[in-house]
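In my numbering, the protein residues as written are 1096 to 1659. We put the CB at the ideal spot given by N, CA and C, even for glycine. This structure is a prediction, so every number in the text was calculated from the model and none was measured.
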Amino acid sequence: MSGKLKGAEIFIECLKKEGVKHLFGIPGGAIIDLHDAIYKQKDIEFILTRHEQGAVHMADGYARSTGQVGVSLVTSGPGATNAVTGIATAYMDSIPLVVFTGQVPTHLIGNDAFQEVDIVGITRSCTKHNFLVKDVKDLAYTIKKAFYIAKTGRPGPVLVDIPKDVQTASCEFEYPDAIHLRSYNPTYHGNPKQIKKVAKVIEQAERPLLYIGGGVITSNAHKEVLELAERLQIPAFTTLMGIGAFPADHPLSLGMAGMHGTYKANMAIQYCDLLISIGARFDDRITGKVSEFAPNAQVVHIDIDPTSISKNIKVDYPIVGDAKLVLKELLSILKDNNKIHQNRKKWLDLIKKWDSEHPLSYEDSDKVIKPQYVIQLLNKLTKELDPIVSTEVGQHQMWVAQFYNFNKPKRFLTSGGLGTMGFGFPAGIGASFANPDKQVFVIAGDGSFQMNLQELAVLATYKLQTKVIILNNSYLGMVRQWQQLFYGRRYANTNIEVQPDFVKLSESYGITAKRVEDKKDVEHALTELINYNGPYVLDIKIEREENVYPMVPGGAPLSEMILT
């Protein structure tokens, strides 16, 4: 399309060029012209949310489940500030988003006009980049840059602030086919000499271990990781964000490591002689006490972000590059070798011994509903469905990570870095829009669900295949667990027994809902939820003081796990 267009029309045409199909947000005075342009077209569906935080989380879930850029549109002032938590959530987990905000007219910027905030300044620390568009002639090129920056290199959220007068001004519309930024050139191919060195140390190692992070999912490198593990018989663990990047059912899988990781994964870290980190950032929830993390190991770190390398843990063999491309180069050098397989047998046997001594388990009961039982049962009942599972943040999040087996990437959506309560429900809704042919299960705690439960309105409006399972213990469970273990059971402000009737609340939106309080009813209720055509909310009353184990206390080394 060529010729003069208003800024609002240019906005729409740019989104079409980027292949955007869904846009999440809420209208407002500063973006009324953009919404008028949205109303006049049929290619992009605007999803009216009930809160801007929910809108950004929906765009985030859309992005996590597809690998595409998620897009949201919110108004100026409080609309923009309400979006900040969603932006920060995406930033911490390296999720590609473009968030458009309205702004007061350019001549009023800095005058404390009605609903004016400096959203560019506010979000500078939690965006990959952000822009304030001051001239309509710059709008198309700025939007092109925003999408390019969001999805290349280490992905992240980009904010574009569009003043009201830029939306109404006109200019010739041109959208560039490609973009080149002098100051931004991500490195995709690893250093060949360094890759050869790494190949050699992998072959020589007696106790190698793969450390799989979310970057493996971002770069679609899961097949290469699996090939590396199988060819060289290297066991692998994942971070919370890396879940699904390595098949949970695979014999070489150690599950998740870290604060609530498996005993075998944490012990393997402490006894390995070579730790190969791919697309991970050595977060404190993985490392525990840094000075005692992997004390016997040389460390290889493959990451597209050079600032992540040696940031928390000193690295012996850094490789900056895209995980998929680097692993392809590495695999072209490494060959299957029976001698290596034999050398690794002792190592794999030791890991099996650890697993047999302290397997991931819990004490089941017929008197109360154990949350782990619910997750295991859901895993069994949905194994053939290949669903997407989105979680809120807290104990239930860890139980899903531990007891639901994810064998494919982009099936597990969770807020890892920021730990945002209120993320999982709207993120699951976003995933449903992106994957209408898939079942999406949202696993929530009663505390987290109340953070953004207003988005039940979106479920009711669109009748999505989003199923919500609330593991309800009437506590802010993870904080209560810490208070029990480390603060003498002083449950300060974590008891939330006063809460809505989630069944009545859901029904008031026209959504089918049910409550379960007896273990014998759980399987029937889950089966009904799975088979139901449309949205469903299931409130399950679980053991109130059940804890997540294993647990590494804050500041302790990984070997000092509380097991029961």
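Compare the beta carbon distance of residue i and residue j with 8 Å and say whether it is the shorter of the two.
i     : j     : result
F1332 : A1352 : yes
E1147 : I1121 : yes
N1590 : S1569 : yes
V1484 : F1507 : yes
G1514 : V1488 : yes
Q1365 : L1653 : yes
S1086 : F1119 : Nothing about residue 1086 can be reported from this structure: the residues present for the chain run from 1096 to 1659 only.
G1310 : P1281 : no
I1565 : T1486 : no
T1144 : E1641 : no
I1307 : A1375 : yes
P1191 : G1174 : no
F1268 : G1098 : yes
A1360 : K1101 : no
S1700 : K1419 : Any property of residue 1700 remains undetermined from this structure, which presents the chain solely from 1096 to 1659.
V1563 : V1632 : yes
G1517 : M1546 : yes
V1429 : E1319 : A small fix is needed here, since residue 1429 is Leu in this sequence, not Val. Contact flag unset, no.
V1193 : T1218 : no
P1342 : L1304 : no
N1567 : D1596 : no
Please state the DSSP three-state secondary structure of residue i.
i     : result
L1137 : One detail in the question is off: residue 1137 reads as Lys in this sequence, not Leu. Coil, per DSSP.
Y1644 : coil
A1208 : coil
R1575 : helix
P1173 : helix
E1267 : strand
M1336 : coil
A1112 : The question names Ala, but residue 1112 is Lys in the sequence shown. Looking at K1112 - three-state DSSP - the assignment turns out to be helix.
D1417 : coil
L1349 : strand
H1275 : coil
H1284 : coil
L1445 : helix
A1539 : strand
G1649 : coil
K1406 : coil
H1224 : strand
I1657 : strand
R1506 : coil
I1565 : strand
G1165 : strand
T1196 : strand
M1096 : Here the model assigns M1096 a pLDDT of 48, short of 50, so the residue's position is not dependable and the matter cannot be decided.
T1144 : coil
T1515 : coil
H1117 : strand
Taking residue i as the reference, give the member of the options with the closest Cα.
i     : options                       : result
A1154 : T1282, K1440, G1350 and Y1186 : Y1186
T1477 : I1635, L1276 and I1625        : I1625
L1559 : Q1545, I1524 and N1474        : I1524
H1284 : S1456, K1475 and P1401        : P1401
L1480 : I1274, F1119, K1503 and L1234 : K1503
I1373 : G1356, M1362, E1113 and K1423 : K1423
G1339 : Y1499, P1531 and F1209        : Y1499
I1127 : K1229, D1260 and V1632        : D1260
D1613 : V1463, I1238, M1516 and D1634 : V1463
G1337 : I1428, S1456 and I1381        : I1381
T1556 : L1580, G1572 and S1601        : S1601
F1195 : Q1136, H1130 and H1202        : H1130
Q1198 : D1188, K1229 and I1371        : K1229
I1238 : H1396, L1110, A1587 and F1209 : L1110
A1587 : Q1578, V1593 and Q1594        : Q1578
Would residue i be called buried (16 or more neighbouring beta carbons within 10 Å of its own) or exposed?
i     : result
R1159 : buried
V1385 : exposed
H1619 : exposed
G1650 : exposed
I1466 : With the sequence shown as reference, residue 1466 is identified as Pro, and Ile is not the correct amino acid for it. Buried is the call here.
G1114 : exposed
Y1582 : exposed
P1645 : buried
Y1468 : buried
T1170 : buried
F1520 : buried
K1409 : exposed
Any contact of the segment 1291-1306 with the segment 1435-1450, i.e. 3+ C-beta pairs under 8 Å? yes
Could you say if the segment 1220-1228 and the segment 1242-1255 meet the contact criterion of at least three C-beta pairs nearer than 8 Å? yes
Taking 8 Å as the threshold, find out whether the segment 1410-1421 comes into contact with the segment 1285-1296 through three or more Cβ pairs. yes
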